[in-house]
Structures are given as C-alpha cells and as structure tokens.
Amino acid sequence: MSAVSQFFDRFLGRGEWAVTVPTLDGPLLPNQELEEAETFAGLIEVDNLVRTEKSVLASSANRLMRFDADGKAELLREFPGEITALAHARGMTALAVDGKGVVIHGGLHDGREAEGDEARRLSCVTALTFLDSNTLLIANGSASLPATGWRRDLMQKNASGSVWRLDLKSGRLELIRDGLAWPAGIATTGSNRVYVTEAWRHRALAIDLATKAMVPVLEHLPAYPARIAPAFNAGYWLTFYSVRNQLVEFILREEAYRKRMLAEVPEAYWMAPSLNSWRDYREPMQGSQLKQMNVLKPYAVTRSYGLVVHCDQNMKPLSSFHSRADGTVHGTVSACELGDDLLVASRGGSRIVRLAKAAGGKRG
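According to the working numbering, numbering within the sequence shown proceeds without interruption in unit steps and concludes at 429.
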C-alpha cells in the first residue's frame, strides 16, 4: 500500500484505520448463562483447567491445584513463578512457569525439559498440548514480555509470538511458526495440523505441521481469543480474555496518546482489555452513559467480559455462554469438560463455574 493510500485511509478512518468492531450476533448472541452458572469452586487468580484420568488440575498464580468431581481442592505443589500453561495426557502433565520454560511431570518423560539455545526463547508460554506420547506443542506469546504482560503486548502492538514442537525423547525444539500476535491457545485436530488462536488479530489459525503453512479458519472475532479445549463431540471450546471495543481500537491507532498512556498511566487503569472491571473509581469508562438509575447496563461498553464459544471440528461457532458488562464471571481464559458438564475458569471472578449438561454433545 502506498503512503498516499495510507494517509487517506487514516484521514477517512477506513481500512486498517477503521475502528469498527464486529457485533456479538448469531451463535455469539449475548446471554447470562455464565453469570447464572453454579460455582464449582472459588480460586484466586484461577487460570488453566485440564482434565486428568481421575480429577481436574487448575493453576492459581504459582500453585498447582487438584479438584475432585465435587469441587474439593487439594494443593499439589507450589512453584517459584506463576504457572502459565498446563496440559495432561497419558499420565504426563506438562507445565510452564512464567519465565522458566516447560517441564514434564510424571509418565514416560518425567523431568524432561526443552534443551539447547532455543529453550531460552520459551519465556512466555501461554498454552500447551500433547500431539502424541513423544511430542509436545507449545504456544509462546511473546519474545520480549512474560505471559503476565499480555495487556502491554497488545498495547505495544507486538507480534513476536511463536509455536514450537518439543521432542520429548531428545528435548529438541523445532520452530513451527513465528511472527504471531500473541498465540494464546493451541489444540490438535487428529490430523497433521493444529489450531492456534492469535489473540491480537482476533482469529484462529490452522497450521500444517509438515509444511508449516498457515491459514485462518475463524476471523473477525469481536473478542480476544484465549485457550482452546477439546469437546466430547470432536468440536472445541474457545475461551476469551475479553471483548473488543471501539475506544481501545481507536487508541491502538493513535500513536502519541497510546505511548503516553503506557508511559504515564498505571497499567491497572489503562484503557485496555481487562480480566475484571468496575472495582475502582480510577478505572476509565464510569460515566452516566454506562448506567441508568445508577445501575450498570448489561449492554454497556466494557473492558472485561466473560465468553466461551462452542465450535465444531472446523472451528465454526455453534453456541456461546456469556457474562455481560454487569456480571462478574469475566476473564474466562480456560475451560474443560467434566463428564456432561463444562467447567470454566473465570480469572477475573476468581472462581470456577460449572455449566451443567453443556458438554457431551448435548448443546449446539
């Protein structure tokens, strides 16, 4: 694109300078199902959820927790940093600690870590999944920031994320793709390709592991996609950090304002997506246009939101669960099935909720 075309696009607010945001419609039509769901367990900063053979594992900051089917919790272990990703298969648990890389606990490759010079690049692991008994796939969100710096990575407009393959027999790492704008979730498909969410470009990608070719399979999402979990019916559960809004899109295009905000405003009060909101008078967007009779409108523009989408095997959305602007089950960054129920980790709400009978192919 020529400099003249870029100038007119910016002047007219079109092309990459447009600040329009897709609406929540069709299978993504808002409801209150997350907000009205049963609380399975309370857990501060709950993040990753994964199903094991007999229980559910969850991370809470630097703690690895185990839950039984009734929500009874057991602390398994504490780590020197925040746990940023979990995966489990065949008796093995893969675990990433912020800034420390990935290690396997239990099973055939107990104690295995990535080796070599490339292993130092795994400082921002956001998601893990086992391809088979000897192969682990790794999503690394950023080359310059830790996983806890996801908001800064977005507002700096970075695109240094990558996807890797780890040979669990040798510890050798292989780069699959780089130049990604915060890959936050990864899932296998039963073939030689994987699905990866690219949060800051609001889409899901299919990546061929043999050719390393990449094609979008779900684009123009109205929210920032996070992790992907398998569904019983060969589909997927797609979770989200928060929804997009026009003010954030505008700020991302206003370079001088954006840079001053990052330099001068404390991060908690940036006009940027959040895992929770409405808790402090110093937050942006608290004017009367968001409230009626001093009650927050459920359809108000918001920095935080709860959203989980059920997709088919081709990543086509089928249905969704929401916690709207006036709710608290926000920052829904992970999900897993437990029998016929779906468990959703609300990091913003510091709890795990249970959606009864949502799994097992009974919805969609």
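Just so it is clear, CB atoms sit at the ideal spot from N, CA and C, and this is done for glycine as well.
Requested in this report: Measuring alpha carbon to alpha carbon, tell me which of 405, 367, 211 ends up nearest residue 308.
Outcome: 367
Query raised in the report: Tell me the DSSP bridge mates of residue 263?
Result: According to DSSP, residue pairing for residue 263 in a beta bridge involves 248, 268.
Report task. Report the three-state DSSP secondary structure of residue 322 (helix, strand or coil). Result -> helix
Query raised in the report: DSSP state of residue 86, grouped into three classes?
Result: coil
Query raised in the report: Is DSSP giving residue 102 helix, strand or coil here?
Result: coil
Report task. Work out the CA separation of residue 174 and residue 265 for me, nearest whole Å. Result -> 34 angstroms
Report task. Check whether the region 413-421 touches the region 330-350, taking contact to mean three or more Cβ pairs, one atom from each stretch, closer than 8 angstroms. Result -> Judged by Cβ distances under 8 angstroms, the region 413-421 makes contact with the region 330-350, as three or more pairs qualify.
Report task. Return the chain-ordered list of same chain residues with a C-beta closer than 7 angstroms to the C-beta of residue 275, the five sequence neighbours on each side being excluded. Result -> 257
Query raised in the report: Nearest-angstrom Cα distance between residue 394 and residue 205?
Result: One C-alpha to the other measures close to 26 angstroms.
Requested in this report: May I have the straight-line CA-CA distance separating residue 160 from residue 299, to the nearest angstrom?
Outcome: 25 angstroms
**Report entry** Rounded straight-line distance, which links the Cα of residue 69 to that of residue 218
**Finding:** 29 angstroms
Requested in this report: Look up residue 282 in the DSSP assignment and give the residues it is bridged to.
Outcome: Bridge partners of residue 282: none, in fact.
Query raised in the report: Looking only at its own chain, which residues have a Cβ that is under 6 angstroms from the Cβ of residue 333, when we skip the five neighbours before and after it?
Result: none
**Report entry** Identified DSSP bridge partners for residue 330
**Finding:** Paired residues: none, contrary to the question.
Requested in this report: Give, in chain order, every unbroken run of the beta strand (DSSP E) that is at least 3 residues long and sits entirely within the region 171-221.
Outcome: 190-197, 200-205
**Report entry** Nonlocal neighbours in the same chain, by C-beta distance under 8 angstroms from residue 200, ignoring five residues either side
**Finding:** Cβ within range, chain order: 230, 231, 232, 233.
Query raised in the report: Is the region 90-104 close to the region 112-125, with three or more CB pairs under 8 angstroms?
Result: no
Requested in this report: Whole angstroms is fine: what's the gap from residue 192's alpha carbon to residue 262's?
Outcome: 10 angstroms
Query raised in the report: By Cβ distance, which residues of its chain are closer than 7 angstroms to residue 117, with the 5 residues on each side in sequence left out?
Result: Spatial neighbours of residue 117 in its own chain (CB-CB distance under 7 angstroms, excluding positions within 5 residues in sequence) are listed in chain order as 153.
Report task. With a floor of 3 residues, list each beta strand (DSSP E) that falls wholly inside the region 90-155, ordered by position along the chain. Result -> 103-107, 111-116, 121-125, 128-132, 138-143, 148-154
Report task. Decide if residue 297 is buried, meaning its Cβ has at least 16 other Cβ atoms within 10 Å, or exposed. Result -> exposed
Query raised in the report: Between residue 315 and residue 349, what straight-line distance do the alpha-carbon atoms span, to the nearest angstrom?
Result: 15 angstroms
Query raised in the report: Is residue 342 near the ligand ATP, with its Cβ less than 8 angstroms from a heavy atom?
Result: The ligand ATP is not part of this structure, which contains no ligands at all.
Requested in this report: Grab me the residues of residue 362's own chain with a C-beta within less than 8 angstroms of its C-beta, minus the 5 sequence neighbours each way, in chain order.
Outcome: 355, 356, 390, 391
Query - Contact set for residue 319: own chain, Cβ-Cβ below 7 angstroms, skip 5 residues either direction - result: Excluding five sequence positions before and after residue 319, none of the CB atoms of its chain fall closer than 7 angstroms to its own CB.
Query raised in the report: Going by the beta-carbon positions, is the gap between residue 249 and residue 302 smaller than 9 angstroms?
Result: no
Query raised in the report: Is it right to say residue 240 is buried, meaning 16 or more other beta carbons lie within 10 angstroms of its own, or is it exposed?
Result: Per the 10 Å Cβ criterion, exposed.
Requested in this report: Could you tell me the boundaries of the beta strand (DSSP E) in which residue 306 lies?
Outcome: Taken as a continuous stretch (DSSP letters only), the beta strand (DSSP E) holding residue 306 covers 301-308.
Requested in this report: Would you kindly check if the distance between the Cβ of residue 267 and the Cβ of residue 245 is under 9 angstroms?
Outcome: The answer is no: Cβ separation not under 9 angstroms.
**Report entry** DSSP-derived helix/strand/coil call for residue 315
**Finding:** Correct three-state label for residue 315: helix.
Report task. Look at residue 305 and residue 407 and say whether their C-beta atoms are less than 9 angstroms apart. Result -> no
Requested in this report: Let me know the secondary structure DSSP gives residue 68 once reduced to three states.
Outcome: helix
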